[in-house]
Amino acid sequence: MKPADRRRLAAWLAVITVAAVCIALRGRAPWLLDLPPAFVVPVADWFNAFMVWFIGAFKWLFRAANWLLGWPLAGAQALLQWLPWPATMAAFCALAFAASGWKLALFAAAALFYMALTGHWSPSMNTLGSVLVSIPLALAAGFALGVAAHRSKRVDRVVQPLLDLMQTVPTFAYLIPILLLFGFGPVVGVVASAIYACPPMVRNTLLGLRRVPREALESGLICGATGPQLFWWVQAPSALPALMVGVNQTTMAALSMVIIAAIIGGSADIGWEVLSTMRKAQFGQSLLAGIVIALIAMLLDRISWGFADRAGRGAAAAGRSRNHGRGGRGGRGHGRHGRLKPWLLTLIALAIFAGATAFIPAARVYPEAWVFYPADAINAALRFVTANYSAATDAVKHAALFYYLLPLKIGLSQAVTPFSWGVALTPGLVWGYAAAVGVIAWRLFAWRGWRPAVAAVVGGGVLYFGVTGLPWPPFILASTLLAWQVGGRRVALLSAGGWAFMLLTGVWAQAMLSVYLCAAAVLVCALGGGALGVWASANRRVSNFLRPINDTLQSMPLFVILIPFLMFFQIGEFTSFLAIIAYAIVPTIRYTEHGLRHVPAASVEAAIAMGCTRRQLLWEVKMPLALPEIMLGVNQTVLFALAMLVITALVGSRGLGQSVYIALSNADPGLGLVAGLGIALIAIIADRIIQAWSARRKSTLGIA
Amino acid sequence: MKPKNLLPALLALGLVAGAQGAVPESDEPIKLALNEWTGQHITTRVAGEILKRMGYTVEYVTAGYYPQMQALEDNTISATLEIWSSNIGEHYDKALASGNVVELGDLGLQPVETWLYNRAAARDCPGLPDYRALNDCAQVFANAETFPKGRLVDYPADWGTSNVDRLKAFNLNYTSVPAGSEGALIAEIQGAETKGEPLLVMFWSPHWVHAVADLTPVSLPPFEAGCHDDPAVGVNPNATWDCDWARGYIKKMAWAGLAGQWPAASKLLTAYQLRNADQIPMMNAIDQEGGKLEEVVDAWLDANRAIWQPWVDAAMR
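Here the protein sequences come in this chain order: A and B.
Start counting the first sequence at 1; every next residue gets the next number (our numbering).
Start counting the second sequence at 705; every next residue gets the next number (our numbering).
Written as C-alpha cells, this is what we have:
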C-alpha cells in the first residue's frame, strides 16, 4: 500500500471511530443527533426582515414590471382564446411540419385535438399563452447573461454559482418572495418559470460562444467586422446549434413549472385544473388534464428539438455533438429543405382557411356536445382495482417498507421487529450481522483493496443505525473526507460549509429525512436503471422500446407522475419513493446505454481478439471504461430525485420538501428559502463529488 | 353629531339618495376569488350572480387560498368569500394588519372539524363514538407503518394541526399520520370505503365526501375556552389540548376600497349568508351528480329569490 493510500485509509478509520463513539453517546447527548434550538442561527428570520425592507423599498419597481409583463401575457392568452380551434391546430401542424416533418405534424394535430376533445381547450390555451411569454423571457435573459458571462470573467464567476442555485433551489421556495414583490397574478407564475428555465440557455450560450472556431473569428476580423458585426454575423451564427439546444431545454424547463406556478392562481389554466382536481382526489379528472400538459411538453419539445437538430445540421461545423443524454432521437425525415417552402405555404393557406371558418360556430368554439370526458370511467376502474387488488398492492408496499425503506430510515436496529420481519432482533442476530459485514469487508479488501472494504463497513453501519439515527459529526466528517479525497480542497470546503449551514439553521433533521428518501430512490435507480441501460446497449429492440418511454417520462411534468402512484398506494413515503424513481431513473438508463455503446472500438476489438467471453467483455472491459459516463448519469439522477422532493411533499413525504411546502402556506419566505437552499446544497455537494470522481477516473483511463 | 359635520353628512346622504338605482357605481369589474374547492366555488358564484343581477360586472379569478391574500391588498381581487378560521394561519392577520383588507363578517356556513370514523370502524369498534373506546381498538386502526399504535389520518402538516398534542392529552396510543393534501385525505377516505377498512380521520364538513362515505364524529370532550393553554381546563388536569376542536367560523374578506368604489355591492356582500343546508345539496349536485356549477347555482338562485332579494333591496336602498 502506498503511503498516500495509507494516510487515506487512516483518515477513514478515524471517521469510523468517531462515528462509533458518537453513536455510543447519542443516547446521553441528544445534541449529537440535532442541535438544540438555542444554537440555531435565525437565518430565516434575518431573511424575512430583509424581505420586509426590500419589499418596502423596491415594490414599485416590481409592480411596474408586473404591469408591463401583464400586457403580452393578456395579449397572448386573448389571441389564443380568440382563434378558432382549427386555426390554432393548423398553425401548430405547420410549425411541426417545418420543424421535423409530417409525422410530427400528425402528432401536433392529435395532441391539439385531444385538448378540444376532452373539453380542455380554453385552459390549455391559457397555459400556452403564459408559456409563450415565459419562454421568450427566459431565452432573452439567458442569452444576455450568457453573452455577458462570455465577455467578462468576473461576470462568469458570479453567474456560475447562481445558475447552480437557480436550477437546484426548488421553485416553491421563491414563489412567496416573488408573490410579495410582484403582487398577485399570473405574472408571478411566468416569472417563476422564467427563473427556473433560464439556466440551460445561459449554459448553452456560453458553450456555443466558447466553441466558435478561432479561424472564423480571425477571418471576421480580417474582413474588418466591427464589434457588433463580429458578434451577430460570426459568433452568433456559428454558436447557433448550441443555442438551439438551449432553446429546447429551456422550453422543457418552463413547461415543467406550469403546475407549480398554478399554485398562485390568477388565470384559469391547465395547471390550475390539474392542481385543483388533484386536491379533490379526482384522479380521472386530474389525469385527463395532466395528459394535456404532457402533450404540450412533448409537442414543444419535439418542435424545438427539430429546429435545434436542423440548426446543428445546417452549421458547417460538423461533429458538434448534441446533448448525448438524448442521443439518437428524431433523426429521419430531414434534408428536404428545398421542398419545404411549398408545403409551408399550403399549410399557411390551410390556416387562413381555418381562420375563415370563424363564422361556423362549431369551428369557432369546439361544441360541448362533442366532448368526450371519460373521467368517471377512469375513476370507476380505479375503484374497482383498489377494491379488488388492494391485497396485492398492500403486499408490495409493505415488503418495500419493511425490508428496504424502514431499515434505511431508522436502521435495522429498530426496523427488525416480530411485527415487521417476524423475528425479534436478538443479540445473536446482531453479532451475526456484524460478523457478516466484517467478512464481506475482508473479502472486498482482499479482492479490490481498501476502498470497497471501507464502503462496506460504512454501508453496514448506516443500514444498522439508519440515516436518521446517524449523529451529525461523523456524517459531516465522512462527506467532507470523501469530498476532499475525490475533489480536493474546494469541494471539501463546500461539503463542510453546506452541511454546517443545514445544521446551524435548524433543518438538519429534515435534511436527513430528505437524504434518506433520495438515497433510497437513487440506489434503486442506479441498479435498476443501470441494468436496463446495459440491456438496451446490447439489444437494439430493447433500446427502441425504452426510448419513447424515457422521452415521455422526462417530458412529463413532475406533478403528473404522482397521479398514478397516488391512485394505487395512497399517501405516504412509498408513493413518494416510487414517484421519485419514475422521474429520476431516466438519466441513468440513458447515460449507461450511451456510455457502453461509445466505449472506444479499439479496446473492444482488442478484448475480442484476446478471446474475451461476452461476460468478460462487459464486466472487465466495457464497464470500467464506461463507468465515468454512467456516474454522470447517476449524478443527474441525484439532481432529479432532489428536484422531485418538493413535489412528493404533497403526498406526504417529510423532510426539506415538506418544510418548503409549509413555508409556502405560512407565508414564511425565510423558512422556505432556508429549506430550499438545503435541497440545493445537498444537490450541489453530490454533484461536485460525482463530477470530480468522474473526471479523475476519465483522465486515469485516458478517455477524457 | 356636531353641526360642523352635519353638512357633509347631509350632502353624502343626498349623494347616496341621488345615486340610488345608479348601480353599478363604477364600470370596473368586481373580481371575486375562486379557490380550489367546490363549496367555495358555489359560495362565490351565488354572490357573483346576485351582483350581476344587480347590474354589476363580475369577474371570477382563480386564486390560491394563501396567495389570494396578497391579491386582496391591491384590488387584484376585490373580495373572497369563504375564509375558514381554522386554516388560514398568519396570512389572515398579516392581511388585516396591512390596513388594505377588511372583513365582511361571517358567511353563516357552520363548519365542523373533528375526528371522524367510517362504517367499518363502527362495526369493528363497537364502543364508538365515545373517544375512550379508541384505546381498546388501536389494533383495528393500526397499519404496518404505525403498529402497534392506532392510526389517525391527520390534516396535512402545513395546515397546522394540534392532534399530536390532543392524542397525548387523551392518553391515546395512536399516531398522527399527516396526509399531504386534501386530495390525499379524500383518497384515504374513499379507499377505506371501497375496501371496507376501518378509518379514523381528521376531517371537516361541509364537504362533498360526506355524500360518498358515511362518517360519524367521535365524541370528544367538548371544547372549553382555555383548554388549549390551561392544563386545568378540560378532562386531563395535566395537559392542554384535552378537548374537542373549537367550532370555527367562516369569514368573508374584501379589499378595503370595496365600500368606496361599489357601496351597494359592499353592502350586499356584507349581508350575504349561505347556510350548510344551501351549500351541501349544491355541492352534491356538482361533485356527485356531475352537474355544472353555473346551472346548479342559477337553479338555486331562481328557486330561492325569497332568500336573496331582501339583501339586494337593502343594499340598493
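Quick reminder that beta carbons are idealized off the backbone N, C-alpha and C, glycines included.
Contact of residue 993/B with chain A is not assigned, every C-beta pair being separated by 8 Å or more.
In this structure, DSSP gives residue 792/B a state outside helix and strand, which the three-state scheme calls coil. Between the segment 622–636 of chain A and the segment 590–607 of chain A there are three or more inter-stretch CB-CB distances shorter than 8 Å, so the stretches are counted as touching.
Residues of chain B whose Cβ lies closer than 7 Å to the Cβ of residue 264/A are, in chain order, 768 and 771.
Interface with chain B (8 Å Cβ-Cβ cutoff): residue 280/A is included.
Residues of the segment 391–424 of chain A with a Cβ closer than 9 Å to any Cβ of chain B, in chain order: 394, 397, 398, 401, 402, 406, 417, 419 and 420. With contacts defined by Cβ atoms closer than 8 Å, residue 682/A and residue 435/A do not form a contacting pair.
The DSSP-derived three-state label of residue 907/B is strand.
With 16 or more neighbouring CB atoms inside 10 Å of its own CB, residue 464/A falls in the buried class. Leaving aside the five residues that flank residue 393/A on each side, the residues in its chain whose CB is nearer than 7 Å to its CB run, in chain order, 568 and 569. In the DSSP annotation of this structure, the continuous segment of the alpha helix (DSSP H) that includes residue 5/A starts and ends at 3–25.
The beta carbons of residue 25/A and residue 472/A sit no closer together than 8 Å. With a threshold of 16 other beta carbon atoms within 10 Å, residue 841/B meets it and is buried.
Take the alpha-carbon of residue 428/A and the one of residue 582/A: they are about 39 Å apart. In this chain, residue 819/B is not harboured by any alpha helix (DSSP H); it is covered by the beta strand (DSSP E) spanning 816–821. Here the C-alpha atom of residue 121/A lies approximately 59 Å from the C-alpha atom of residue 425/A. For residue 169/A, the closest alpha carbon among the candidates 184/A, 304/A, 196/A and 526/A is that of 196/A. Taking a beta-carbon distance threshold of 8 Å, residue 658/A counts as an interface residue toward chain B.
For residue 737/B, the uninterrupted beta strand (DSSP E) segment begins and ends at 734–738.
For residue 431/A, the enclosing alpha helix (DSSP H) begins and ends at 427–448. Counted as a single uninterrupted DSSP element, the beta strand (DSSP E) harbouring residue 959/B occupies residues 954–959. Distance from residue 111/A to residue 299/A at the Cβ level is roughly 5 Å; contact confirmed, criterion being Cβ atoms closer than 8 Å. Note that the C-beta distance between residue 147/A and residue 205/A is below 8 Å. For residue 956/B, the CB contacts under 8 Å within the same chain, skipping 5 residues up- and downstream, are 783, 784, 785, 786, 787, 807, 808, 809, 810, 811, 973, 974 and 976 in chain order.
Contact check for residue 688/A against residue 494/A passes: the beta carbons are separated by less than 8 Å. Residues are counted here when their Cβ sits less than 9 Å from a Cβ of chain A; for the segment 734–753 of chain B these are 737, 738, 739, 740, 741 and 742, given in chain order. By the neighbour-count criterion, in which 16 or more other beta carbons inside 10 Å mark a residue as buried, residue 588/A falls on the buried side.
Within chain A, the residues placing a beta-carbon under 7 Å from that of residue 887/B are 278, 279, 280 and 281, ordered along the chain. A Cβ-Cβ contact shorter than 8 Å links residue 514/A with residue 655/A.
With a threshold of 8 Å between beta carbons, residue 585/A makes no contact with chain B.
DSSP places residue 250/A inside the alpha helix (DSSP H), whose first and last residues are 240–256. Residues of the segment 153–185 of chain A that bring their beta carbon within less than 9 Å of a beta carbon in chain B comprise 175, 176, 179, 180, 183, 184 and 185, in sequence order.
For residue 780/B, at least one C-beta of chain A is nearer than 8 Å to its own C-beta. With a cutoff of 8 Å on beta-carbon distance, residue 997/B and residue 749/B are scored as near each other.
In the three-state reduction of the DSSP assignment, residue 991/B falls in the helix class. In the assembly as shown, residue 552/A is an exposed residue. Its beta-carbon has fewer than 16 other beta-carbons within 10 Å.
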